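Asks: Protein chains in written order, with UniProt numbering: chain A, 1 to 144; chain B, 1 to 144. A virtual CB, placed ideally from N, CA and C, is assigned to each residue, including glycine. Nothing here was measured: the structure is a model prediction, and the numbers come from that model.
2 protein chains.
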Amino acid sequence: MTEKIIQDIKKFNRFYTRHMGLFNIYTDESPYSATEALILFEISNKKDCTAAYLSNYFLLDKSYISRILKHFERDGLIAKKLSELDRRIQHIELTDIGEEALKTLADKASNTVQSMIDKISEEEIEIVVESMKKIEEILYSKTQ
Amino acid sequence: MTEKIIQDIKKFNRFYTRHMGLFNIYTDESPYSATEALILFEISNKKDCTAAYLSNYFLLDKSYISRILKHFERDGLIAKKLSELDRRIQHIELTDIGEEALKTLADKASNTVQSMIDKISEEEIEIVVESMKKIEEILYSKTQ
DNA sequence: TTAGAAAGTGGCTTTAGTCAACTATTATTT
DNA sequence: AAATAATAGTTGACTAAAGCCACTTTCTAA
């Protein structure tokens with residue numbers, strides 16, 4: 001496995017980190033940070049979501065997650081429900097308000113992607129998307 | 001251009017953001033943050049680098065860049081030189097110490113990539129790298 | 001039954017980054 | 001030529017994001 005491959009991957013990492021950063025700029029008049037948006041998204045998609053799961057999934061300190069969830073609860077975006085099987089555990093679900101908030105964030109993210117690919121031909125977009133799928137498919141299978 | 005393409009790109013963005021986050025964990029006993037490392041890297045590669053350039057390039061507040069560069073100067077990693085053509089401008093260069101520090105960070109990043117692709121076959125790695133190149137090639141040409 | 005671990009919380013600290021005002025210099029406008 | 005505006009960079013103050021530590025409650029393992 002050559003050093004060149006490692007350099008190529010690092011180059012892409014730098015490029016993509018910056019690329020995503022450039023396009024975050026258009027979405028930051030949101031009341032929620034990128035981290036919070038991702039957490040809301042994950043709650044929305046994860047069956048039986050818990051704070052511990054989110055902390056592990058995002059590699060964030062559990063007390064930070066706890067605080068974020070408290071804000072979400074205060075804002076009415078989520079509801080917590082004590083597990084009957086293990087009363088340490090709270091199950092977290094998005095409320096209707098939370099679904100709404102997430103939809104707003106998702107729409108903004110869609111607009112961001114839209115502007116990211118504005119001047120690219122359908123053909124090239126197809127290549128980008130297929131390439132992304134290949135990367136995710138291969139890398140994902142090795143981290144689960 | 002379909003909504004599905006936008007969803008696919010967003011999915012990849014979420015995946016790759018987290019993927020890079022997972023692999024940062026192995027490099028964080030560094031005295032420099034990821035941002036600082038990227039700045040050092042850019043100084044190393046950019047001819048006639050200036051603070052204003054770095055602020056624009058990374059979309060970071062100029063006062064934050066100023067402080068980071070001050071730390072780098074204090075640590076002996078960079079040298080600043082007033083431009084003779086425009087005495088507002090300072091040219092920034094890496095010192096030998098800075099090259100050394102960057103090398104250390106680069107080696108750590110290489111180890112991170114190494115562990116990222118540890119269990120992937122040469123064939124699949126080839127696909128990943130080629131896919132990354134395609135993405136960068138297409139997206140890059142539209143943001144410069 | 002006791003000790004250890006897990007889940008979550010709150011106080012506090014650290015880190016990352018922003019905002020505003022400033023100085024010095026150059027460019028533009030009058 | 002002088003006045004005004006803009007740029008490059010700095011500093012102080014501040015906010016936001018995130019981490020650390022100690023705690024309580026609950027469950028698991030010994």
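1. Using only CA atoms, which one of Lys47(A), Asp48(A) and Ile39(A) lies nearest to Ser66(A)?
2. Asn13(A) touches chain B at which residues, Cβ-Cβ below 7 Å?
3. Cα separation between Glu137(B) and Asp8(A)?
4. So with Cβ pairs under 8 Å, would you call Ala52(B) a contact of chain A?
5. Which two residues bound the contiguous beta strand (DSSP E) that contains Leu77(A)?
6. Hey, does Ile120(B) have any beta-carbon neighbour from chain A nearer than 8 Å?
7. Closest to Leu139(B) by C-alpha separation, out of Lys133(A), Ile127(A) and Ile135(A), would be which residue?
8. At what residues does the alpha helix (DSSP H) containing Ile127(B) begin and finish?
9. May I ask you to verify whether the segment 98-115 of chain A touches the segment 49-60 of chain A, counting CB pairs closer than 8 Å and requiring at least 3?
10. At what residue ranges does the segment 57-108 of chain A contain a whole run of the alpha helix (DSSP H), taking only runs of 4 or more?
11. Work out the CA separation of Ala51(B) and Asp61(B) for me, nearest whole Å.
12. Residues in its own chain within less than 6 Å of Lys11(A) by CB, not counting five upstream and five downstream?
13. Counting only the same chain and skipping the five closest in sequence on each side, list residues whose C-beta sits under 7 Å from that of Ile117(A).
14. Could you tell me the boundaries of the alpha helix (DSSP H) in which Tyr16(A) lies?
15. Smallest Cα separation from Arg74(A): which of Leu94(A), Ser121(A) and Lys103(A)?
16. Would you tell me roughly how many angstroms separate the C-alpha atoms of Arg18(B) and Ile5(A), rounded to the nearest one?
17. I'd like the span of the alpha helix (DSSP H) that includes Ser30(A), first residue to last.
18. Return no unless some Cβ of chain B is closer than 8 Å to the Cβ of Ile5(A).
19. Is there a C-beta anywhere in chain A that falls below 8 Å from the one on Ala101(B)?
20. Measure the Cβ-Cβ separation of Ile89(A) and Ser83(A) and say whether it is below 8 Å.
21. Could you tell me whether any non-hydrogen atom of the ligand ATP is closer than 7 Å to the CB of Leu22(A)?
22. Check the Cβ-Cβ distances between Leu40(A) and every residue of chain B, and say whether any is below 8 Å.
23. In angstroms with no decimal places, state the Cα-to-Cα distance between Phe72(A) and Ser131(B).
24. With Ile120(B) and Lys142(A) assumed to form a contact (beta carbons below 8 Å), what rounded beta-carbon distance in angstroms separates them?
25. Buried or exposed for Tyr16(A), please, with buried defined as at least 16 other CB atoms from any protein chain shown within 10 angstroms of its CB.
26. In whole angstroms, give me the CA-to-CA distance for Ile68(A) and Glu123(B).
Replies: In short, the structure shows the following:
1. Walking along the first sequence from the start, residue 66(A) turns up at place 66. Ranking Lys47(A), Asp48(A) and Ile39(A) by Cα distance to Ser66(A) puts Ile39(A) first.
2. In the first sequence, counting from the first residue as 1, residue 13(A) sits at position 13. Residues of chain B passing the Cβ test: Met20.
3. Mapped onto the second sequence, residue 137(B) falls at position 137. Mapped onto the first sequence, residue 8(A) falls at position 8. Roughly 12 Å between the two C-alpha positions.
4. Within the second sequence, residue 52(B) is the residue found at index 52, counting from 1. So, not an interface residue.
5. The count along the first sequence starts at 1 and reaches residue 77(A) at position 77. First-last for Leu77(A): undefined, no H or E at that position.
6. For the purposes of this step, residue 120(B) is taken as residue 120 along the second sequence, with counting starting at 1. For Ile120(B), the answer is yes, since a Cβ of chain A falls inside 8 Å of its Cβ.
7. If you number the second sequence from 1, residue 139(B) lands on position 139. Out of Lys133(A), Ile127(A) and Ile135(A), Ile127(A) has the C-alpha closest to the C-alpha of Leu139(B).
8. Taking the first residue of the second sequence as position 1, residue 127(B) is located at position 127. Run containing Ile127(B): Glu122 to Tyr140, per the alpha helix (DSSP H) assignment.
9. no
10. 62-74
11. Stepping through the second sequence from its first residue, residue 61(B) is reached at position 61. Stepping through the second sequence from its first residue, residue 51(B) is reached at position 51. Each residue's Cα considered, the two are about 10 Å apart.
12. For this step, residue 11(A) is matched to residue 11 along the first sequence. Here the set comprises nothing.
13. The residue labelled residue 117(A) in the question sits at position 117 within the first sequence. Answer for Ile117(A): Ile125, listed in chain order.
14. Numbered from its first residue, the first sequence carries residue 16(A) at position 16. Glu3 to Asn24 is the span of the alpha helix (DSSP H), which, as asked, contains Tyr16(A).
15. Counting from one through the first sequence, the residue named residue 74(A) turns up at place 74. Ranking the options by Cα distance to Arg74(A), first place goes to Leu94(A).
16. Mapped onto the second sequence, residue 18(B) falls at position 18. Mapped onto the first sequence, residue 5(A) falls at position 5. Approximately 21 Å, taken between the alpha carbons.
17. Here residue 30(A) refers to the residue found at position 30 of the first sequence. Taken as a continuous stretch (DSSP letters only), Ser30(A) belongs to no alpha helix (DSSP H), as it is neither H nor E.
18. As a working mapping, residue 5(A) is identified with position 5 in the first sequence. Interface residue, yes.
19. Translated into the one-based positions of the second sequence, residue 101(B) becomes position 101. False, the Cβ-Cβ gap to chain A never drops below 8 Å.
20. Taking the first sequence and counting its residues from 1, the one referred to as residue 89(A) is at position 89. Taking the first sequence and counting its residues from 1, the one referred to as residue 83(A) is at position 83. Their beta carbons are under 8 Å apart, which means Ile89(A) touches Ser83(A) by this criterion.
21. The ligand ATP is not part of the structure shown, which contains no ligands of any sort.
22. Sequence index remark: in the first sequence, residue 40(A) carries index 40 (1-based). Closer than 8 Å: no.
23. The count along the first sequence starts at 1 and reaches residue 72(A) at position 72. The count along the second sequence starts at 1 and reaches residue 131(B) at position 131. So the two alpha carbons sit approximately 38 Å from each other.
24. In the second sequence, counting from the first residue as 1, residue 120(B) sits at position 120. In the first sequence, counting from the first residue as 1, residue 142(A) sits at position 142. 6 Å between Cβ atoms; contact.
25. Residue mapping note: residue 16(A) aligns to position 16 of the first sequence, counting from 1. Under this definition Tyr16(A) is a buried residue.
26. As a first step, residue 68(A) must be located in the first sequence, where it is residue number 68. As a first step, residue 123(B) must be located in the second sequence, where it is residue number 123. The straight-line gap from Cα to Cα measures roughly 42 Å.
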